[in-house]
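These notes concern the structure reproduced below.
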Amino acid sequence: MLDHLIKGATVVDGTGGPAYVADVGIQGGRITFPPPGADARTTEDATGLVLAPGFVDPHTHYDAQLFWDPYATPSMNHGVTTVAGGNCGFTLAPLHPDRPEDADYTRRMMSKVEGMALKALEEGVDWSWSSFGEYLDALEGRIAVNAGFMVGHCALRRYVMGADAVGGRPTRAQLAEMTALLKDAMEAGAWGLSTTQSATHSDGDGAPVASRHAAPDELIALAKAVGEHEGTQIEAILAGCLDQFSDAEIDLFVEMSAAAGRPLNWNVLTIDAAVPERVPRQLTASERARKSGGRIVALTMPILTPMNMSLGTFCALNLIPGWGEVLGLPVPERIERLRDPEVRAEMLRRADSREAGVFRRLADFGRYVIGDTYSPENEGLTGRVVRDVAAERGQDPFRCLVEICANDDLRTVLWPMPTDNDPASWALRRETWDHEDVLLGGSDAGAHLDRMCGAPYTTRFLGDCLRGRKLVPLERAVKMLSDDPARLFGLRERGRIAEGFHADLVLFDPERIDAGPATLVHDLPGDSPRLDSRAVGVVSVRVNGVETVRDDEVTGAIPGRVLRSGRDTRTVGTR
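Residues 45 to 619, numbered by the working numbering, are exactly what the sequence shown covers, in order.
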């Protein structure tokens, strides 16, 4: 007898092939196609609904959140059944057992660099592990989604080098110890190595994070270690990921992938028709890797994910060259400096310069929408566009924005309107998705919690494909969200609706599938805020055969598994 029977569903199986109507059974957590009349303990009529494989999010930061939120919300509500964590060089393990202060350093680093609420990290995680394997064990049996994790380069460096990890280079003995620690983590199930050399990544003290101090020989040595274990990968971030790679960065990516004999993925490929040279330059890394025995995969988002800004708290504006010096000042002094016309002129000059890279898109302050406000002077401004208010007041947009924020002691929430929402940019995205080394993803779910909400990209993309721009057909869209990332990571028997595969499934209404607007909620430990988004049209989500979501409500079941390299992933070659 089947555990459950889904009758008459329109099956989009993840292969990209045509949809078909079928009954799909679940038995022992696996998919089966039963004969007519098969008995089942429970049955549901799925006529008119689409049954797809559970979606795989290739770039998340749920490493901490899963301890207080085993449901990985809102990702699971939007059909995601498997998440890849431990990205960008940042993980919560390993932690040196003789240095309890390392946990505090890690919490403060994660709070700064990934926008995780410090109170939530302190109150929602027990920090009882030392090794990476112990960290994985702490999650085993208590999560609703499937989750796999890279091991972060910063944690490896901190464990071996202590405080010298920031600013120092390892001795030969320390590099050997770091490599052994990485191998131990992979033996325990880590998916491979993640690292960063991005200029935007600083720790809780404002110093460049540990992995930014690594020389190429260190990175190559660790990459070689990745290649000694089954089912592993590399994920890496370089400064050029934000705009365009230098020749040296392309060389480093190619050498790392070739040394490991494993795919290397990076994020995020920003596609904008106003910068037509960016995409071909970024994909040069992939083309050169193919010729050198490596494979470089670019992650890109299929939706525009708004990120709010503030002149009062750390955000992307701080990363514009020269802006951090002003925005890091105490609030009264910051307001005084921002009101100085010469200071504003210099800030605008730096923001519009080539050195600002992708952050140039933040410099058009007339296109900002005013969000939450906190003073009587700003009453009625929420939802208005800065350029309109500036025109009414006879001010330039940046001065107008500064005065609005100053009225709120810089607490004003600001939403920049995207500059790349034009038909030409969407046409370029559709063309870029055809490249063999471009993969959808880069949600950052679990990070930057009060600034952005990328988790709903799955349902929003499907809604766009069915009722919006219709850039790709439904069958291909589902494949891009499920089978493509599953194949990149070498997931065993996941990513498709096929006989004997794990029953990771999402059932949705094609007439309604979408994501609701991002709203601020206070449901993290310590009453800390985050942005959330409701799923629309998702009828059911199942993980390993067990229903975890019904009509956008979490059921409370926790059937997810920690997916470990080798056991749950197979090696994916570079050719």
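No residue lacks a Cβ here, since even glycine has one placed at the ideal position from N, Cα and C.
When DSSP states are grouped into helix, strand and coil, ARG474 belongs to the helix group. One Cα belongs to ARG495, the other to LEU282, and the distance between them is close to 22 Å. Closest in alpha carbon position to ASP181, among GLU145, ARG213, LEU136 and ARG216, is LEU136. Collapsing the DSSP output to three states places LEU425 in coil.
Taking C-beta atoms as the reference points, ASP481 and SER301 fail to come closer than 8 Å. THR456 and PHE409 have their C-alpha atoms spaced approximately 14 Å apart. LEU454 places its beta carbon less than 8 Å from that of SER354. By alpha-carbon distance to ALA82, the top candidate from HIS105, ALA108, ASN352 and LEU49 is LEU49.
One Cα belongs to ARG322, the other to PRO561, and the distance between them is close to 30 Å. Out of ALA199, ALA188 and GLN109, the CA that lies nearest to the CA of PRO141 is found in ALA199. Cβ-Cβ separation between GLY604 and HIS103: approximately 18 Å, too far for a contact (criterion under 8 Å).
Assignment of beta-bridge partners to PHE99 by DSSP yields VAL124.
Within a 10 Å sphere around the beta-carbon of LYS335 sit fewer than 16 other beta-carbons, which makes this residue exposed. One thing to note: LEU46 has its Cβ within 8 Å of the Cβ of ALA84. Within the same chain, GLY168 and PRO569 come within 6 Å of TRP112 by CB-CB distance, once the 5 residues on both sides are set aside. Every unbroken stretch of the beta strand (DSSP E) spanning 3 or more residues and falling wholly within the segment 521-556 is given here in chain order: 549-552. In this chain, the beta strand (DSSP E) harbouring GLN277 covers 277-282.
By the neighbour-count criterion, in which a residue is buried when 16 or more other Cβ atoms sit within 10 angstroms of its Cβ, VAL565 is exposed.
Three or more Cβ pairs closer than 8 Å define a contact, and the segment 109-126 falls short of that threshold against the segment 269-277. For ALA395 against ILE364, the beta-carbon gap comes to about 5 Å, under 8 Å, which counts as contact. Shown here, MET351 sits in a strand according to DSSP, grouped into three states. The C-alpha of GLN439 is placed about 56 Å away from the C-alpha of ALA304. In summary, ASN131 is buried, with 16 or more beta-carbon neighbours lying within 10 Å of its beta-carbon over all protein chains present. Every unbroken stretch of the alpha helix (DSSP H) spanning 4 or more residues and falling wholly within the segment 369-415 is given here in chain order: 375-382 and 385-395. Boundaries for GLN241: no alpha helix (DSSP H) harbours it, while the beta strand (DSSP E) harbouring it runs 236-241, taken from the DSSP string.
Listed in chain order, the non-local C-beta contacts of GLU543 below 7 Å within the same chain comprise ILE75, THR76 and PHE77, local neighbours out to five positions each way being set aside. Beta-bridge partners assigned by DSSP to TRP459: VAL413. From the listed residues ASP228, GLY159 and HIS257, the smallest Cα separation to MET205 is found for HIS257.
For TRP310, there is no enclosing alpha helix (DSSP H); the residue is part of the beta strand (DSSP E) that begins and ends at 307-311.
Between ILE557 and LEU506, the gap from beta carbon to beta carbon is short of 8 Å. Spanning the alpha carbons of ILE448 and ASN422 requires a straight line of approximately 7 Å. In this model, ARG614 and ASP101 are separated by some 18 Å (Cα to Cα). Put simply, the backbone Cα of GLU166 is about 30 Å away from that of GLN277. Distance from the CA of ASP295 to the CA of PRO346, rounded to the nearest whole angstrom, comes to 28 Å. Rounded to whole angstroms, the separation of the alpha carbons of LEU382 and TRP310 is 35 Å. Taking the CA atoms as reference points, LEU139 sits about 10 Å from GLU178.
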